[in-house]
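First comes the structure, then the notes that go with it.
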Amino acid sequence: MRRTQALPPVVHPWGANQAYAELLTRSRPLAILDVPHREYAPDVERRVAALRRLAPVVVLLPEGADTAAVLDAGATNVLAREMAAEELAVRLAADRRWVAAHEPYAPRELPRELLAHPASQRVLLSLLLFQDSTRSWCCHDLMQLLGSAGQPMSRAALYARMLRLEGPLGRLGLALQRTGGWGRTCYSAAPVTVPVAVPVATHAPAPVRRTRVA
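Using the numbering used here, the first residue of the sequence shown is number 1492, and each one after it goes up by one.
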């Protein structure tokens, strides 16, 4: 790290609220997903696809894992975990420079009135508020993000958490939208639609004139 003049990365376990908060608000973040054992490899693609919506992702894979599938899922780069520390640091620094030059970035900050909410709620609110306006969040991606390294969050636990967001979103003039079916629910936040009253005519209709034909 000394050669690259880069600080060591901050390490968090998968699913940590603090990790997601930093990725969502830090200037030009880069997520490094370390996959320590091949037993975690089968679901790496889904993890990368979900994490990629928060920040660019570099994946450290053990020997023998499917690199092509991880790149296809959206990873910016894939590196070998067995690589020497010095070379790994140089390559990560190069990836960071590439991200800074090529990845679009827009500052993201939660409205002040939401900062007093618990960290778990702030993360979910950030995911909804900072999302691409054309994409909603699939429940399976959210369960993967919010679960642990070994097990996704249950559907019931996710549903309960999403329900608790209705109050904070409502104070921003937003509503929690739920769409989908057949085991898949998608969540998004959308402006509350106010029904428009259509005036109803109160005057009596004009009499119909009848013409008698001789």
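Ideal Cβ placement from N, Cα and C applies to all residues, glycine included.
Go through its chain and collect everything with a Cβ distance to A1510's Cβ below 7 Å, but skip five positions before and after it. As a working note, residue 1510 is residue 19 in the sequence shown. Taking A1510 as the centre and dropping the five residues before and after it, the same chain places the C-beta of H1503 closer than 7 Å to its C-beta, in chain order.
Within the segment 1577-1628, ranges of the beta strand (DSSP E) (whole runs, at least 3 residues): none
Note down, in chain order, each residue of its chain lying with its Cβ closer than 8 Å to the Cβ of R1572, except the 5 sequence neighbours on either side. By one-based count along the sequence shown, residue 1572 stands at place 81. Within the same chain, and ignoring the five residues on either side of R1572 in sequence, the residues whose Cβ sits closer than 8 Å to its Cβ are D1525, V1526, P1527, L1551, L1552, P1553, E1554.
Enclosing beta strand (DSSP E) for L1665 [first to last residue]: One-based indexing of the sequence shown puts residue 1665 at position 174. Element bounds for L1665: 1665-1672.
Residues bridged to H1645 [DSSP beta-bridge criterion]: Position 154 of the sequence shown, counted from the start, is the residue given in the question as residue 1645. Note that residue 1645 is Ser in the sequence shown here, rather than His. DSSP, once it has assigned bridges, lists no residue as partnering S1645.
Taking Cβ to Cβ, would you say R1646 is nearer than 9 Å to M1634? Looking up residue 1646 in the sequence shown gives position 155. Looking up residue 1634 in the sequence shown gives position 143. Closer than 9 Å, so yes.
Do you know offhand how far Q1622's Cα is from R1517's? If you number the sequence shown from 1, residue 1622 lands on position 131. If you number the sequence shown from 1, residue 1517 lands on position 26. Distance between the alpha carbons of Q1622 and R1517 is about 16 Å.
Cut-off 6 Å between Cβ atoms - residues of its own chain near G1638, not counting five sequence neighbours on either side: Along the sequence shown, one-based indexing puts residue 1638 at 147. Answer for G1638: G1506, M1644, listed in chain order.
According to DSSP, A1680 sits in a beta bridge with which residue or residues? Mapped onto the sequence shown, residue 1680 falls at position 189. Bridge partners of A1680: L1667.
If we count the other Cβ atoms within 10 Å of its Cβ and call it buried at 16 or more, is S1611 buried or exposed? Walking along the sequence shown from the start, residue 1611 turns up at place 120. It counts as exposed.
Neighbourhood of N1508 by C-beta, 8 Å cutoff - its chain only, sequence neighbours within 5 removed: Locating residue 1508 in the sequence shown gives position 17, counting from the first residue. Excluding residues within five positions, the ones whose Cβ falls inside 8 Å are A1610, S1611, R1613, V1614.
Cβ pair count under 8 Å reaching 3, the segment 1674-1681 against the segment 1659-1666: yes
Helix, strand or coil at V1501 according to DSSP, with G and I counted as helix: Within the sequence shown, residue 1501 is the residue found at index 10, counting from 1. V1501 falls in the coil class under three-state DSSP.
Host alpha helix (DSSP H) of A1510 (start-end): Counting from one through the sequence shown, the residue named residue 1510 turns up at place 19. It spans 1508-1516 - the alpha helix (DSSP H) in which A1510 sits, taken as one unbroken run.
Put D1557 into one of helix, strand or coil per three-state DSSP. Working through the sequence shown from its first residue, we reach residue 1557 at position 66. It is coil, neither helix nor strand.
Bounding residues of the alpha helix (DSSP H) (the contiguous stretch that carries A1540): The count along the sequence shown starts at 1 and reaches residue 1540 at position 49. Element bounds for A1540: 1535-1542.
If you reduce the DSSP assignment to three classes, tell me which class R1675 lands in. Along the sequence shown, read from residue 1 onward, the residue named residue 1675 stands at position 184. Of the three classes helix, strand and coil, the one that applies to R1675 here is strand, per DSSP.
So, helix, strand or coil for A1651, using DSSP? Here residue 1651 is taken as the residue at index 160 of the sequence shown, counted from 1. A1651 falls in the helix class under three-state DSSP.
Which same chain residues end up closer than 7 Å to E1536 when comparing Cβ atoms and leaving out the 5 residues on each side of it in sequence? Residue 1536 sits at position 45 when you count from the first residue of the sequence shown. Once the five neighbours on either side are set aside, the close Cβ partners of E1536 are A1560, V1561, A1564.
Where do the ends of the alpha helix (DSSP H) carrying L1521 lie? Here residue 1521 refers to the residue found at position 30 of the sequence shown. Segment: none, L1521 is in no alpha helix (DSSP H) and carries neither H nor E.
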